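Take a look at the structure below.
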Amino acid sequence: MAKKNNKPKISLKRVVKSIASNKPVSGGRQPGSSVAAVGSSKALQALTSAAVMLPGLLLPSAQAADGDHINFQFSRYQESKRNLFGIPNSQNPIRADVLHGSGLFTLTDRAKFAFSYTQDIWSGATPIVTSPLAANPYSPIRRNTSSGAVVAGASPLMNPSEGVLLDRNLNPLQRDTGMQDTRSVLVLATASPETRNQANFRMGYEWDEAEINASAGFSLENDYKSSFGNLGGRLDFNQKLTSVKFGAGYTSSNISAILDHDASPYLTKTAFSDQIQRREDGAEILRAERQDWAANIGVTQVLTKHSLVDANLGYTHSNGYLENPYKAVTVIFVDPEVLNNGQTTPILGDVRALLEQRPGQRNQFAFSTKYIQHISPLDAALHLNYRFSTDDWGINTNTFSANWIQPLPGGWTLTPRIRYYSQDSADFYQPYLITQQNFSTQAVDSLGRDIWVDSTNPDIEYVRDENFNLLDSEGNIVNVSDVQPKTIPFDAGKLPGDFSSDHRLAGFGALSGGVTLRKEFAKGIALEAGFEYYTRASSMKLGSDGGNSFADFNYYVANAALTINPGIMSLPGSSGHAHHHAHTGKDNSHKHSRHHLQPAGLMFAHMLDNPGEFMVGYNFMYSRMGGNMLHGSNTVSDPTIVSEGCSSEILCTFKPAEMDMRMHMLDIMYAPTRWLNLMLMPRFMDMEMHLQELEGRPPPEPGEHQHFGGHTTGVIGDTLIASLIKLYERQGHRVHAGLGISAPTGKTDLQIRRVFRVDGGAIHFGMQLGSGTWDFVPSLTYTGEYNRWNWGAQVSGIKRMENRNESGYRLGDLFQATAWGGFDLTSWLTASVRGLYTLQDRIHGDFNILNARIGPMDFPANYGGQFWNVGFGVNAVIPDGRFAGHHFGFEWLQPVHTDVNGFQLDRKGALTASWSYRF
């Protein structure tokens, strides 16, 4: 442990300011939040570390970065399987992979800019309704194998056709024994991967004793779009030992929920019929809006030089559509005449599922407080937190949490934490409802005769005489064959005004514990990893059992993060160039970064010059395919694709209409010597493909899945590990070779969601996240420069080192050749033009698991080809000021000629944006 006199001094006034300047309100559907404070010595860094997490997808940082910083974090959220009471549950539970990036930058002495970006992709089985266990003869779930569909598990049903037996007190009975069984069970539905993207931008301005900040952002999903804005501030008093903070925010959301095409036929949706639109492809979309207003006020008070307290009050008002469009409630309809017929035998209840109905507004109040105590003998800090909230839905919550921040020798920090949460159930929460009325009854006329209607025109009514003849309104016998009984639906007024069986509105308790380990391996550079395990149990609710143990489950969150502070970064033995330049403003950054002005879309094209140099970078790549389908280099018609695009035995039914790919790549480079660079490049990606039905396709088989909309996949791609070796260098010329390995960290067995209780099979080859094989990635690069000109050429390739991946296939080998030229528009800005040729082989092998075979994208011969592109780019190196030495690059690749193997969608172009910093 470091000696006390070696620690920098810092005033707790700064601690108050940092706590008080937290983000006031968050928008969108971000599930968790954390509070961070800033300090510089070990003790005060521990004292002001982030509070323990609220349940969500991101773990908090073990300690906040000091000053300007950039943070990259990857997290995984994984739920446990739900209890189906002795029946095997073969449905994979919810999993979410989250990529998060954020940064804080000082623009002037008083102005700051911050941003954050979050992308999460989730998939798996989630509860949609709760049903009495006695009502559910389990339905088999089938898994496709090479020998056909086999039973892999079972699932409860939303609408069991046989109904449920009830005693005369309306308690469910087991069919086989007649014994009372009041247990409930969750009915699950699976989903293919779904993606959410959220961005937030904040500007702040600070005076000596005050601060104001404004932020805005958006959250985008296929079915949910929201935009939000916040305004907040801080006032300091008592020589900055007391701070008052305040904030307000507004969020506007639009819902366009595509109802589950498997569940929708079994759902009663009459309460929202005016909001549901039916598309031509049969999909039903529920459209709605909601608004949220929020305000908070708080105070932070330094008590002693080792302790402080923080307290906050918050209010949120929400109105509009507050339901979850994917949640339903089981309603058991009981015929009152049968119930009250004086007998004692069991009666039969008609089991139905209705979309949940929640109140149209919600008012929430919250109080939170935090106490932080620095423990001097251990050079550690204790955080104690409490939060209480209440609302007009009847949900009261209590949250207790504590974490201990313990600095260790060697730049390590260990942060264990524990958290307990309890909530009461909403006033309108019930696992299921029972109503004494029929779901529907036969309509009769004034004479008690059953009414029939024309199936093609329900406004035309008939009755039958004693001979079963149809009579019109004039009493004439008519000969109409297509008629059906006229029914009267249930009386919605006999149901509660609001009802939900969403287990998140039930009463329960939760206990979680976790730990974060942080290592500052150089000044301004820190890595951390965290893990938290969470148990949700009805029996753990404060005061009494919540009565919904059927919904108990566990989950964990694991994360890894990299935090860098560009202004103070340094490594033992490094040149210190970037740090020195940022303070002196001398224009030597151009000289040291000439070899980093290659086009942004080019990999392995530059090297670090000096032993001990380090570079951290980020690359964003976006590519789009769309427009016409090609066969070779020629446009091809739908009938041709139907007959020739798949195989001689299988006719195509769908084609890709458009496809988007987004990739985020970290670029970490280190130069142990002048002639060797080492690189690590983890990649995170997501892809989205929209499908279109082919004209002239064969008619669908009964029950065939029609692939509404398309598919999404993500997040982890393959990881590149490479070395660059300098082969030749003279003034204005250099040659280096790259030897890389691509590790198969991306999945190749992603599957389409289960359809009609049968697995959907592997998703298309081009939507899988990696190659699934270890790949050799060599390159050879030449670069040159003279005065304001620079140029270069590179050849590179990918050689698959395995015959097949675990899914039974391997991607084709790839060869690329490129050449470029650039011109310095200024001492810090360069424009470039390049040409790129790509040759890629087709896919070899095939899926060894079921694939639906619906279109060209499902056949190995329809991949690869020859591609010619022209790229246009700019590169900038900030010459001086606070951002001196930061490098930014942009390049657009425009296809000029395409010659594909088989049948493929045409290319529209690709964009690359990059940032890097050397030190």
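In the working numbering, the protein residues as written are -13 to 905. Beta carbons: idealized from backbone N, C-alpha and C, even for Gly. Quick caveat, the model's predicted, so the values are computed rather than measured.
Comparing alpha-carbon positions, which option in P865, F801, Q678, N773 lies nearest P842?
-> Ranking P865, F801, Q678, N773 by Cα distance to P842 puts Q678 first.
Curious, which full-length beta strand (DSSP E) runs of at least 3 residues does the segment 590 to 646 contain?
-> Whole beta strand (DSSP E) segments, 3+ residues: 600 to 617.
When DSSP builds the beta bridges, which residues end up paired with R786?
-> Answer by DSSP bridge pairing, in chain order: D761.
From S61 to G516, what does the alpha carbon distance come to, in whole angstroms?
-> About 9 Å.
Which residue comes first and which comes last in the alpha helix (DSSP H) that contains E197?
-> Counting along the chain, E197 falls outside any alpha helix (DSSP H), though it belongs to the beta strand (DSSP E) covering 196 to 206.
Report buried or exposed for M647, applying the criterion of at least 16 other Cβ atoms within 10 angstroms of its Cβ.
-> M647 is buried by the Cβ-count criterion.
Output the distance between the C-alpha atoms of T181 and A82, rounded to the nearest integer angstrom.
-> In this structure, the CA atom of T181 is about 9 Å from the CA atom of A82.
Exposure of N155, with buried meaning 16 or more beta-carbon neighbours within 10 Å = By the 10 Å Cβ count, N155 comes out exposed.
Report yes if the CB atom of C632 is closer than 8 Å to the CB atom of F845, and no otherwise.
-> In contact: C632 and F845 (Cβ atoms closer than 8 Å).
Look at the Cβ atom of I333, then the Cβ atom of Y418, and state whether they are nearer than 8 Å.
-> It is not a contact, given that the beta carbons lie outside the stated cut-off.
With 16 as the cutoff for other CB atoms within 10 Å, does Y415 come out buried or exposed?
-> Buried, because 16 or more other Cβ atoms sit within 10 Å of the Cβ of Y415.
What residues are listed by DSSP as bridge partners for K505?
-> DSSP, once it has assigned bridges, lists W398, L513 as partnering K505.
Cα-Cα separation, G871 to I198 = Approximately 29 Å, taken between the alpha carbons.
Throw me the rounded Cβ distance for the N424 and F476 pair, which I believe falls under 8 Å.
-> About 7 Å; that satisfies the 8 Å criterion.
Is I702 closer than 8 Å to G732 when the C-beta atoms are compared?
-> Yes, Cβ-Cβ distance for G732 and I702 is below 8 Å.
Beta-carbon proximity check, F351 vs Y301, cutoff 8 Å | In this structure, F351 sits near Y301, with a CB-CB distance shorter than 8 Å.
In three-state terms, what does DSSP make of G895?
-> Here G895 sits in strand by DSSP.
For the putative contact between S238 and S212, defined by C-beta atoms under 8 Å, what is the C-beta separation to the nearest angstrom?
-> Sure, about 6 Å apart at Cβ, within 8 Å.
With L800 and Q780 assumed to form a contact (beta carbons below 8 Å), what rounded beta-carbon distance in angstroms separates them?
-> Between the beta-carbon of L800 and that of Q780 there is about 14 Å, and that puts the pair past the 8 Å contact cut.
Within the chosen definition, does the segment 439 to 448 reach the segment 520 to 527 through at least 3 CB pairs nearer than 8 Å?
-> No, because fewer than three Cβ pairs between the segment 439 to 448 and the segment 520 to 527 fall closer than 8 Å, the two stretches do not touch.
Would you mind stating whether M649 and M665 have Cβ atoms separated by less than 8 Å?
-> Taking 8 Å as the Cβ cut-off, M649 and M665 do not qualify as a contacting pair.
Indicate whether I550 and G510 have their beta-carbon atoms separated by less than 8 Å.
-> Contact flag set, yes.
Please go through the segment 263 to 292 and give each complete beta strand (DSSP E) segment of 3 or more residues, from N-terminal end onward.
-> DSSP runs (the beta strand (DSSP E)) wholly in the segment 263 to 292: 270 to 290.
Quick one: Cα of V1 to Cα of G770, how far?
-> Confidence at V1 is low in this model, with a pLDDT of 41, below 50, so the placement of that residue should be treated as unreliable; the coordinate-derived value is given next. Here the alpha carbon of V1 sits roughly 51 Å from the alpha carbon of G770.
Where does H750 fall in DSSP's three states?
-> Correct three-state label for H750: coil.
Would you mind reading off the limits of the alpha helix (DSSP H) that contains E323?
-> Residues 322 to 325.
Distance, Cα to Cα, S411 vs G203?
-> If you take the alpha carbons of S411 and G203, they lie about 32 Å apart.
Note the first and the last residue of the continuous beta strand (DSSP E) segment covering Y823.
-> First-last of the beta strand (DSSP E) with Y823: 815 to 826.
Three-state class that DSSP yields for R169 in the structure shown | R169 falls in the coil class under three-state DSSP.
Mind pulling the beta strand (DSSP E) runs of 3 or more residues that sit fully within the segment 655 to 723?
-> Note on the segment 655 to 723: whole beta strand (DSSP E) runs with a minimum of 3 residues are 662 to 667, 669 to 679, 696 to 702, 705 to 716, in chain order.
Pairing CB atoms from the segment 109 to 118 with CB atoms from the segment 477 to 492, are three or more of them under 8 Å?
-> With a cut-off of 8 Å, the segment 477 to 492 and the segment 109 to 118 count as touching, because enough Cβ pairs lie within range.
Between the Cα of A896 and those of L159, G857, I56, spot the shortest distance and give me the residue it belongs to.
-> Nearest of L159, G857, I56 to A896, Cα basis: G857.
Excluding sequence positions up to five away, which residues of its chain have a Cβ less than 8 Å from the Cβ of R96?
-> The residues are Y191, E192, W193.
Mark Y714 as exposed unless 16 or more other C-beta atoms lie within 10 angstroms of its C-beta, in which case mark it buried.
-> Exposed, since its Cβ has fewer than 16 Cβ neighbours within 10 Å.
Please confirm if the segment 777 to 797 is in contact with the segment 755 to 765, defined as three or more CB-CB distances below 8 Å between the two stretches.
-> With the rule of 3 Cβ pairs closer than 8 Å, the segment 777 to 797 counts as touching the segment 755 to 765.
Give the straight-line distance between the Cα atoms of L616 and I627, rounded to the nearest whole angstrom.
-> Between the C-alpha atoms of L616 and I627 there is a straight-line separation of about 10 Å.
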